[in-house]
Structures are given as C-alpha cells and as structure tokens.
Amino acid sequence: MNEFNPFFFQAYLWLPLLGGLHCLILCTYIRFIHQPRTKKHHLLTYITGLLALYFFTGLISQHNTSIPINILFTLIMPIYFLFMPLMYLYCKEHVTSSSHDNFNWKHFYPTVGIVILLVLTLSNHRFIAVNSFENIGIVKNFNIIFIVFPGLLSLQAVFYFILIFRLLNKLLLSKSPLENSALHHIKFKWLLILTFALIMNWLVINLLLMLPFYTDNRITVFNLLLTQIILLISLYILAFYGLKQMTDIAYMRDQNQSSMNPIALSATTQAHLLTEEELDFIHQVINKS
C-alpha cells in the first residue's frame with residue numbers, strides 16, 4: 013500500500029465500508045420492511061446480502077490478517093458461487109411469475125459440492141497451520157484446487173449468462189395482452205439493463221482480478237478498489253433506474269384501474285354532487301308519483 017497516496021489509501025478503507033453498509037441496509041429493508049414479501053423479494057434479499065459480503069471483504073488487508081490475502085480471498089470465493097444462480101432465479105421469477113415459494117435447489121448443488129471439496133482439502137493439508145506463503149506461485153504448489161476456483165466461477169458465470177439470455181429471448185417473444193404491453197416492455201428493459209450491468213462487472217473482475225491471479229501478477233489495492241467503485245456505481249444506477257420503473261408501473265396501473273370501469277366512476281362522481289337531503293327529497297318525489 014505504500015505506493016499509493018493517502019487519497020487512495022483512505023478510499024480503500026472507506027469505499028468497501030460504504031458499499032457494504034448500503035447493501036446491508038437495502039437487504040434489511042427488503043427482508044423486514046418492504047411489502048409484499050414475494051419470492052422475488054426473497055431472492056433480492058439474498059443477492060444484496062452477498063453483495064454486502066463482497067464489499068466487506070474489501071476491508072481485509074495484509075495488515076489485519078495472518079493469512080495471505082490471495083489465499084483468504086480464495087477461501088471466501090465458494091460463497092460467490094451462489095450469486096449467479098440467485099440472479100438467474102430472480103430473472104426467471106420476473107419471466108414466469110410462479111405462485112409457489114419453493115426454490116429450485118438443484119442450482120445450488122454445485123456450490124454445496126465445492127464447499128465439501130474445500131473442507132476436505134483444508135482438513136487433509138492442515139491449512140490453518142500454514143501461514144508463511146508470500147506469493148501466488150507458492151499457493152499454486154500448495155494445492156491445485158485454489159487455482160481452479162476462480163476459473164470455475166467464471167465458467168459458471170458464462171453458463172448462467174446464457175440461461176439468462178434465453179429467458180430474455182423468451183420474454184421478448186412472448187405475447188402479452190394489449191393492456192399489459194407497456195408493463196411487459198418495462199419488465200424486459202429492466203432485465204436487459206440488469207444483465208448488461210452484470211456482464212460489465214463480470215468483465216471488470218476478470219480483467220483486474222482473475223487475470224492477475226492466473227498470470228502470477230500481484231493483485232494490487234488499486235485493482236480491488238476499482239472493481240468496487242465500478243460495482244458501487246452500477247448499483248446506484250440500477251437503484252435509480254429501478255425507482256423510475258416502479259414509478260412508471262404504479263402510474264400505468266392507476267391509469268388501467270381508472271379506465272376499467274368509467275361508468276361506475278361517473279356514477280360515483282355524480283353521487284357526490286348531491287347532498288343527503290337532496291337525495292331524500294328526490295326519493296320522496298319518486299315515491300309520491
């Protein structure tokens with residue numbers, strides 16, 4: 013860290029905390045306050061929780077851990093295998109809108125297998141007792157599994173990107189009623205922008221973190237900082253765009269409800285133009301006649 017000026021050092025300390033707190037607050041709001049609590053909101057809770065964990069890992073440095081930073085990030089990496097399946101299920105829920113709350117657990121079986129493999133590897137090699145590694149080359153000699161994890165994570169991301177694009181194609185080709193065509197278009201735009209934001213951050217992470225990991229280059233603080241800045245900016249853009257979409261959807265639903273029964277609306281309006289005494293007088297005249 014000595015090669016960075018104080019500005020980068022302070023940004024390195026505060027940016028992960030800022031992003032992590034924002035994601036944690038959003039996760040808490042969706043989980044305990046937001047109504048209604050649908051399956052989409054449960055999935056969004058897990059996604060924001062994983063993002064909060066990713067930001068908080070930026071607070072870890074060689075000064076506050078005895079484990080080498082590259083190895084520590086590799087140990088945390090199995091948790092990130094949950095992210096793309098959750099994103100796929102979130103997009104699928106927007107497309108299919110299933111009424112049941114059961115998750116498709118088969119998407120999480122590979123993650124469980126990776127965690128079991130990691131636990132077995134650590135127990136066999138007594139990893140906790142080994143704390144003298146200084147560079148990624150020694151880590152490669154330690155065990156091949158720590159080199160395979162980032163590659164598996166990238167392959168998993170490619171696989172789920174293909175599945176998400178298939179969902180988008182299905183949503184684009186599906187026919188919706190005329191009154192729901194605008195909502196259908198808004199849903200498609202939201203998923204499309206979300207997917208492109210995922211791809212952009214995935215490419216940044218691969219270029220700044222994965223590539224140095226495999227080429228024996230050091231993963232610098234600047235690399236970690238830049239990936240988190242881009243991710244945080246992407247989250248803010250998605251949040252503001254999501255608020256705009258929610259406003260548009262609420263307006264269109266209000267317009268649809270207003271146009272569904274104009275006769276009843278007109279009768280209600282006319283009824284409010286007369287007082288109770290005037291209505292009683294009219295009833296008396298009708299009864300006398």
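Residues 13 to 301, numbered by the working numbering, are exactly what the sequence shown covers, in order.
Ideal Cβ positions, reconstructed from N, Cα and C, are used throughout, including at glycine.
field: Neighbour-count burial assignment, K104, 16 or more Cβ in a 10 Å radius
entry: Residue numbering aside, residue 104 sits at position 92 when the sequence shown is read from its first letter. By the neighbour-count rule (16 or more Cβ atoms within 10 Å), K104 is buried.
task: Please name the residue, chosen from F67, L87, N76 and M222, that lies closest to L36 on a Cα-to-Cα basis.
output: One-based indexing of the sequence shown puts residue 36 at position 24. Comparing Cα positions, the closest option is F67.
query: Per the contact definition of three or more C-beta pairs closer than 8 angstroms, is the region 90-102 in contact with the region 54-67?
result: yes
task: Check whether the Cβ atoms of I42 and L56 lie closer than 7 angstroms to each other.
output: Locating residue 42 in the sequence shown gives position 30, counting from the first residue. Locating residue 56 in the sequence shown gives position 44, counting from the first residue. Result yes, Cβ atoms of I42 and L56 sit closer than 7 angstroms.
Residue closest to Q349, alpha-carbon to alpha-carbon, out of A209, V216, V124 and P97: Limits of the chain in this structure are 13 at one end and 301 at the other, which puts residue 349 out of reach.
- request: Starting from S78, follow the alpha helix (DSSP H) in both directions and report where the run begins and ends.
  value: Against the sequence shown, residue 78 aligns to sequence position 66. Careful: S78 lies outside any alpha helix (DSSP H) and carries neither H nor E.
query: Exposed or buried, V127, counting other C-beta atoms within 10 Å across all chains shown (16 or more means buried)?
result: Translated into the one-based positions of the sequence shown, residue 127 becomes position 115. By the neighbour-count rule (16 or more Cβ atoms within 10 Å), V127 is not buried but exposed.
message: Taking the straight line between their C-alpha atoms, what separation do you get for L130 and H75?
response: Here residue 130 corresponds to residue number 118 of the sequence shown, with the count starting at 1. Here residue 75 corresponds to residue number 63 of the sequence shown, with the count starting at 1. Looking at the two C-alpha atoms, the distance is approximately 25 angstroms.
message: One question on the structure: do F161 and T86 come within less than 7 angstroms of each other, judged by their Cβ atoms?
response: Numbered from its first residue, the sequence shown carries residue 161 at position 149. Numbered from its first residue, the sequence shown carries residue 86 at position 74. Going by C-beta atoms, F161 is nearer than 7 angstroms to T86.
message: Below 8 angstroms on the Cβ atoms is my contact criterion, and I expect L185 with F200 to pass it. Report the Cβ-Cβ distance as a whole number of Å.
response: Translated into positions along the sequence shown, residue 185 becomes position 173. Translated into positions along the sequence shown, residue 200 becomes position 188. At roughly 11 angstroms, the Cβ-Cβ gap does not stay under 8 angstroms, so L185 and F200 are not in contact.
query: Taking C-alpha atoms, which residue in Y263, T239 and T207 lies nearest to A194?
result: For the purposes of this step, residue 194 is taken as residue 182 along the sequence shown, with counting starting at 1. Nearest C-alpha to A194: Y263.
task: Using three-state DSSP, classify T227 as helix, strand or coil.
output: Within the sequence shown, numbered from 1, the residue matching residue 227 stands at position 215. Looking at T227 - three-state DSSP - the assignment turns out to be coil, as it is neither helix nor strand.
- request: Buried or exposed for I174, please, with buried defined as at least 16 other CB atoms from any protein chain shown within 10 angstroms of its CB.
  value: By one-based count along the sequence shown, residue 174 stands at place 162. By the 10 Å Cβ count, I174 comes out exposed.
- prompt: When the distance is taken between beta carbons, is W202 closer than 7 angstroms to Q10?
  reply: In this structure the chain extends from 13 to 301, so residue 10 is not present and cannot be described.
- request: Counting only runs of 4+ residues fully inside the region 168-246, write out the alpha helix (DSSP H) ranges in chain order.
  value: 193-217 and 223-226
Nearest residue (CA-CA) to F225, options I72, G61, G163 and T77: As a working mapping, residue 225 is identified with position 213 in the sequence shown. Nearest option by C-alpha distance: G163.
query: I think G70 touches L38, with their Cβ atoms under 8 angstroms apart; what is that distance to the nearest whole Å?
result: Numbered from its first residue, the sequence shown carries residue 70 at position 58. Numbered from its first residue, the sequence shown carries residue 38 at position 26. In fact, because the Cβ distance is near 17 angstroms, the residues do not count as touching under 8 angstroms.
- prompt: Buried or exposed: where does T60 fall if 16 or more other Cβ atoms within 10 Å of its Cβ makes it buried?
  reply: By 1-based counting over the sequence shown, the position of residue 60 is 48. With 16 or more other Cβ atoms within 10 Å, it is buried.
message: Less than 7 angstroms between the C-beta atoms of V124 and L179, yes or no?
response: Reading the sequence shown from its first residue, position 112 is the one you call residue 124. Reading the sequence shown from its first residue, position 167 is the one you call residue 179. For V124 and L179, no; Cβs fall outside 7 angstroms.
message: Taking its Cβ as the centre, do 16 or more other Cβ atoms sit within 10 Å of Y58, making it buried, or is it exposed?
response: Numbered from its first residue, the sequence shown carries residue 58 at position 46. It is buried - the Cβ of Y58 has at least 16 other Cβ atoms within 10 Å.
query: How many whole angstroms separate the CB atoms of H119 and Y100, which I take to be in contact at a CB cut-off of 8 angstroms?
result: The residue given as residue 119 occupies position 107 in the sequence shown. The residue given as residue 100 occupies position 88 in the sequence shown. Yes, they are in contact, since the Cβ atoms of H119 and Y100 sit about 7 angstroms apart, within 8 angstroms.
- request: Could you give the DSSP three-state label for T50: helix, strand or coil?
  value: Your numbering for residue 50 matches position 38 in the sequence shown. Correct three-state label for T50: coil.
- request: Please report the Cβ distance between L250 and L206, rounded to the nearest whole angstrom; I am assuming they are in contact, meaning their Cβ atoms lie under 8 angstroms.
  value: Taking the sequence shown and counting its residues from 1, one reaches residue 250 at position 238. Taking the sequence shown and counting its residues from 1, one reaches residue 206 at position 194. Sure, about 7 angstroms apart at Cβ, within 8 angstroms.
- prompt: Taking Cβ to Cβ, would you say I217 is nearer than 7 angstroms to T239?
  reply: By 1-based counting over the sequence shown, the position of residue 217 is 205. By 1-based counting over the sequence shown, the position of residue 239 is 227. A contact, by the Cβ cut-off of 7 angstroms.
- prompt: So what's L101 in DSSP terms, helix, strand or just coil?
  reply: By one-based count along the sequence shown, residue 101 stands at place 89. L101: helix per DSSP, three-state reduction.
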